[in-house]
Structures are given as structure tokens and as C-alpha cells.
Amino acid sequence: MILRSSSKQISKEIQEKLDVFFADLKTNGVSYIGHGIINHKGEHTGYFSNEEWGDFYIQNQFFFHEPILENYEKKTLDLISWKTIKQPNSIIQARTEFTNIISGITLCKSDGDFNSFFNVGFDQDIDLVAYTFFIRDLLLAY
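Numbers in my numbering are just positions in the sequence shown, counted from 1, shifted up by 1441.
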């Protein structure tokens, strides 16, 4: 079980570095990324390529009700398709409305005292399996 004790956005310095990475992903069809790290104390730090969405996410404490974490906790998964998350009025739906994305995936990694989640969203419905296969080297850079 992942503890959930606090949630905040990353520092501006790290934000700028991830913005450069996001620019690379945009050239490969990605329209949104989010990145979250949760330490063993339940402290979440997140990056949101859509800053308005990030502010809304943090202000509304969505971390404490994040369906991606709930799916991850059921069975430790390396990849979660957002289409598998079935929750009416969910955070996923709010993210979709804020960012204009219609499909996405989350890559999950557990590394010692940290769990990390890399969200990749698209503004078109794509074959996620084929996409992740063709840009796997870029995603593995994560």
C-alpha cells in the first residue's frame, strides 16, 4: 500500500528540465505529460506539463483520490492504460477536460523507497501498444 501524506509540485528548476523533455515528446505526438514521485513516507511531488491542470490537481488534493494509484496498488503494474480506469466523474475525466487529451498511459516504476509514475497523454485516440513499441527508447529514457 502506498501512503499518501502530502502533495506538491516540483521546483521551478526541475520544471524547466522536464519542460525540455516534454518538448522532445511533443515532436513524437505526445500532448501532455505528468510525472509523480512518492517516497516511503507518502510524500508526493509532481510535474504537470499543463500548469493550470497541475495547480488544480494540487489545490483539490487529487493525489489522495488518484485512480492510477488505486489501480497500481491492486497489482503492481508497469503500465496502466487510462481506458482501464472506469470511474464516472473521475480525476481522469477532469484531466481530460483540462488538457484536451482523450487517451493516455501511465508508466510505473518502483525503486527502493520511491514509486514513480510517468503519465503520457494524447489529444487523439491512438493504438497505445503500437505507439509505446515504436517510441520505447524515448520512453525508456524516463
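Heads up, the beta-carbon is just placed ideally off N, CA and C, and yes, glycines get one too.
| said: Quick check: the stretch 1444-1455 against the stretch 1540-1560, are at least 3 beta-carbon pairs closer than 8 angstroms? | reply: no
| task | Return the chain-ordered ranges of every beta strand (DSSP E) run that is complete within the stretch 1458-1486 and spans a minimum of 3 residues. | result | 1473-1480
| message | Quick check: the Cα distance between residue 1520 and residue 1447, rounded to an integer number of angstroms? | response | On the sequence shown, position 79 is the one that residue 1520 refers to. On the sequence shown, position 6 is the one that residue 1447 refers to. Cα to Cα, residue 1520 sits roughly 24 angstroms from residue 1447.
| field | Residue span of the beta strand (DSSP E) that contains residue 1495, given as start and end | value | Within the sequence shown, residue 1495 is the residue found at index 54, counting from 1. Taken as a continuous stretch (DSSP letters only), residue 1495 belongs to no beta strand (DSSP E), being part of the alpha helix (DSSP H) at 1492-1500.
| message | I'd like to check one pair, residue 1539 with residue 1497: are the Cβ atoms closer than 8 angstroms? | response | Taking the first residue of the sequence shown as position 1, residue 1497 is located at position 56. Taking the first residue of the sequence shown as position 1, residue 1539 is located at position 98. Result yes, Cβ atoms of residue 1497 and residue 1539 sit closer than 8 angstroms.
| task | Indicate, with yes or no, if the ligand GTP has a heavy atom lying under 7 angstroms from the CB of residue 1515. | result | Of the ligands one can find in the structure shown there are none, so the ligand GTP has no counterpart to examine.
| For residue 1546, does the three-state DSSP call read helix, strand or coil? | Taking the first residue of the sequence shown as position 1, residue 1546 is located at position 105. In the structure shown, residue 1546 sits in a strand (DSSP, three-state: E or B).
| message | If you reduce the DSSP assignment to three classes, tell me which class residue 1566 lands in. | response | Against the sequence shown, residue 1566 aligns to sequence position 125. In the structure shown, residue 1566 sits in coil (DSSP, three-state: anything other than H, G, I, E or B).
| message | I'd like the list of long-range same chain contacts for residue 1584, defined as Cβ closer than 7 angstroms, with 5 residues on each side in sequence excluded. | response | Outside the shown range of the chain, which is 1442 to 1583, sits residue 1584, and nothing can be said about it.
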